[in-house]
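Protein chains: 2
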Amino acid sequence: MIYFDNAATSFPKPDVVYDSIMKAMKEYGANPGRSGHKLALRIGREIFETRELLAKLFNVGNPMNIIFTSNCTESLNLGIKGVLKRGDHVITTSMEHNSVLRPISVLKSQGVEVTIIEGDSMGRIDPSKIKKNIKENTKLIINTHVSNLTGTIMPVKLIGKIAKDNGIYYLVDAAQSAGVYDIDVDEMNIDILAFPGHKGLLGPQGTGGLYIRDGLNIREMKQGGTGSVSHLLEQPEMFPDRYESGTHNGPGIVGLGEGVRYIFKEGIGNIRKYEEELTKHFVEEVLKIDNVKVYGPLDVEERGAVVPINIGNEDSSEISYILDSKYDIEVRPGLHCAPMAHKTIGTFEQGVVRFSFGPFNTHKEIEFAVKAIKEISREI
Amino acid sequence: MIYFDNAATSFPKPDVVYDSIMKAMKEYGANPGRSGHKLALRIGREIFETRELLAKLFNVGNPMNIIFTSNCTESLNLGIKGVLKRGDHVITTSMEHNSVLRPISVLKSQGVEVTIIEGDSMGRIDPSKIKKNIKENTKLIINTHVSNLTGTIMPVKLIGKIAKDNGIYYLVDAAQSAGVYDIDVDEMNIDILAFPGHKGLLGPQGTGGLYIRDGLNIREMKQGGTGSVSHLLEQPEMFPDRYESGTHNGPGIVGLGEGVRYIFKEGIGNIRKYEEELTKHFVEEVLKIDNVKVYGPLDVEERGAVVPINIGNEDSSEISYILDSKYDIEVRPGLHCAPMAHKTIGTFEQGVVRFSFGPFNTHKEIEFAVKAIKEISREI
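Heads up: the sequence lines are chains W and E, in that order. First residue of the first sequence? That's 7 in the numbering used here, and the numbers climb one at a time after it. First residue of the second sequence? That's 7 in the numbering used here, and the numbers climb one at a time after it.
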């Protein structure tokens, strides 16, 4: 089986990730921050270490500004709805995932003004268009770092500067970039960074996080037991407790920490370079096949390891079905929860067959897939 | 090491739970409901099976009415805030956890009327007091099934009847009961049932759920990608998609399903009976010790496997520290995120030392703990 669906969730994970989760579950599967006993302290310490590792990865000064969530969608909902209120204006782009567009759609119905900047046919966003659309009540700019459809790498640093120069908060959706692309919240002027734990960071499902810059008063989405100031009926104000009510996914967060450790060990630059090579290999070879269309930028300097293709006018689900059933190749067809991005690149009707690569894919797998696509394109 | 903190999180889990999680992560760790390939379908199927198992356990007709969340706190926030709006009246009790009281505290500040029924010194709630406090705008009654402080079993069926007779929604917090006490949402007239996956249900941390009765239009807390009707910017209305945006904790839910299978295999009645025996053993023995006070009902027919004690006027943290450091016994001191419940039973200042038992505890462990408490009570 060849797994090319890493943009949905990375698979497999490094063995050390599996091992650390099992160890946490079997040896110290207690409730962190709730009791003072050895087991509870140990899992609490391990969770703090994951916070430290993530802070280091994103150049965050204080690990307490890293909040754990259950996935990137929760992070985005928290970041977006925690900041915006009636009368505010938000600027986002047509390249966003539904995890950004759907919360914004709800806020729009509640009186938040929304401007959506259209990407070009390669999925690129022009920062000057964002700048032009800033108004007096613009409170937040949101965009993805790497498109989950076209793989397009967005000019985060340029947009961050525009946000900073205009006193606007900047939220980046790092769903496809965290763990593979360098993210420096200071250098990029990112105020809020949403990320999944189970994609590029190589942690397990059920993990995600949000960085919140100091001084930003984001409303929490949930209240409950935090194991802190338990005598009060009011949610504590302190980070990260304010945002982390209820029992953590302890073993999951331990596994996420191990994923980040693995990235540090291998080198994020080496992982990215390897994924770029796989992407380049795939793009170059499929472009040679008659009838195959590749979407997004062709240069790997401009794209992540996400490559959407189509074969003629064939339905993307049909192609994906053949790849799975005949060749044991796992890809994702359809709309990828990004309907406006599909409209932007003109694939809203047909969908695309999305190949997405991870650090455990090989050039041999790419060759096999290219051969399969050749055969399919001849047969249909 | 003796683990008596099962009310915080059950530990250990059955081996089959660990094994199923590892298998899911290593063999089919894909993203359910996002792609059509074999791995994605397999994890999707397994998640559906867990839904079916939970539906069977709680006598829910349609498994799609079981929503997965990341913990019981999230379930409670969703259930409470999804129903109540400005002008509504809610009745709850002083025995609730902060995961109920803190969301309600926020709603109160937003114009929801709140009545809190006081428990008696044993933590018992009198249903007639609930009935007396019903008003024209009463929309929701909320109470815990089993107190996380005193272990008191609440008269859920009686309260459910009052709710039904008065056309009021009934939300039960099953944090301490799910997987140990019989829950029948029909017979008990429960409209909304919040439960954790990682306590009595013996699943891993990072799992929880909410049952929502058909016809109840609960507002979702998060919007995002659901893998369904992806062409729309609006959140789908269908169950469970409306409430499950973003990537599931796939392996965690598989483990939860295995926990529920284990409960069916052992028999929920047998598990309960065993925990009752452990509780009875412990309560009877510690009551014989000079200077020890036991809180909550003494009869195991009236209490769950949660036993709070104090030794003289000694601070509960100090006793717990001695139990951990000298005897390797893990318990939880303090306020247990239930400040009003502590006020109700008069332990707000001192806290209590909470012993909570699970299916893997033994009578030998109870004997050892009793001996330790005897020694401590002599020494202080």
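Where a beta carbon is used, it is the ideal one built from N, C-alpha and C, also for glycine. In this text the structure is predicted, and so the values were computed from the model without any measurement.
Interface flag, residue i vs chain E, CB-CB below 7 Å
i	result
histidine 237(W)	yes
glutamate 80(W)	yes
histidine 151(W)	no
serine 76(W)	yes
threonine 285(W)	no
asparagine 12(W)	no
serine 322(W)	no
phenylalanine 17(W)	yes
proline 20(W)	no
leucine 155(W)	no
lysine 29(W)	no
aspartate 330(W)	yes
arginine 108(W)	yes
glycine 206(W)	no
tyrosine 301(W)	no
Contact under 7 Å by Cβ, residue i with residue j
i	j	result
asparagine 319(E)	valine 358(E)	no
isoleucine 49(E)	glycine 212(E)	no
cysteine 78(W)	phenylalanine 201(W)	yes
histidine 204(W)	threonine 350(W)	no
threonine 99(E)	glycine 129(E)	no
glycine 233(W)	isoleucine 72(W)	no
serine 362(W)	valine 312(W)	yes
aspartate 192(E)	tyrosine 175(E)	no
threonine 56(E)	leucine 199(E)	no
glycine 265(E)	valine 23(E)	yes
lysine 380(W)	isoleucine 328(W)	no
isoleucine 148(E)	glutamate 371(E)	no
serine 41(W)	arginine 219(E)	no
Distance, residue j Cα to residue i Cα
i	j	result
isoleucine 168(W)	lysine 137(W)	7 Å
histidine 43(E)	glutamate 336(W)	6 Å
glycine 173(E)	arginine 309(E)	29 Å
glutamate 282(E)	aspartate 179(E)	21 Å
threonine 368(W)	leucine 284(W)	7 Å
lysine 2(W)	methionine 194(W)	One cannot answer for residue 2(W) here, as it falls past the ends of chain W, which runs 7 to 386.
isoleucine 53(E)	glycine 206(E)	19 Å
aspartate 21(W)	lysine 286(E)	44 Å
leucine 239(E)	asparagine 83(E)	24 Å
alanine 46(W)	valine 260(W)	13 Å
alanine 13(E)	isoleucine 110(E)	23 Å
isoleucine 123(E)	glycine 39(W)	29 Å
glycine 166(E)	aspartate 190(E)	11 Å
asparagine 365(W)	valine 162(E)	This sequence places proline at residue 365(W); asparagine is not what is there. If I take the Cα positions, the gap works out to 52 Å.
histidine 95(E)	valine 89(E)	11 Å
asparagine 37(E)	serine 127(W)	28 Å
phenylalanine 270(W)	leucine 304(W)	28 Å
proline 242(E)	serine 236(E)	9 Å
Test: residue i CB closer than 7 Å to a CB of chain W
i	result
glycine 88(E)	no
arginine 278(E)	no
asparagine 37(E)	yes
serine 105(E)	yes
serine 251(E)	yes
glycine 256(E)	yes
proline 345(E)	yes
arginine 338(E)	yes
Exposure label - residue i; buried when at least 16 CB within 10 Å
i	result
leucine 222(W)	exposed
glutamate 355(W)	exposed
arginine 51(W)	exposed
phenylalanine 288(E)	buried
isoleucine 386(W)	exposed
glycine 67(W)	exposed
arginine 108(E)	buried
glutamate 80(W)	buried
lysine 19(W)	buried
lysine 228(E)	buried
lysine 377(E)	exposed
Supposed contact pair residue j and residue i - C-beta distance, whole angstroms, cut 8 Å
i	j	result
leucine 177(W)	leucine 146(W)	6 Å
isoleucine 97(W)	threonine 158(W)	That pair is no contact at about 18 Å.
histidine 103(W)	alanine 344(W)	5 Å
isoleucine 342(E)	arginine 360(E)	The sequence shown places histidine at residue 342(E), rather than the isoleucine named in the question. Indeed, because the Cβ distance is near 6 Å, the residues count as touching under 8 Å.
arginine 248(E)	glutamate 226(E)	5 Å
Residue i CB to nearest heavy atom of the ligand HEM below 6 Å
i	result
serine 105(E)	With respect to the ligand HEM, the structure shown offers nothing to examine, as it has no ligands at all.
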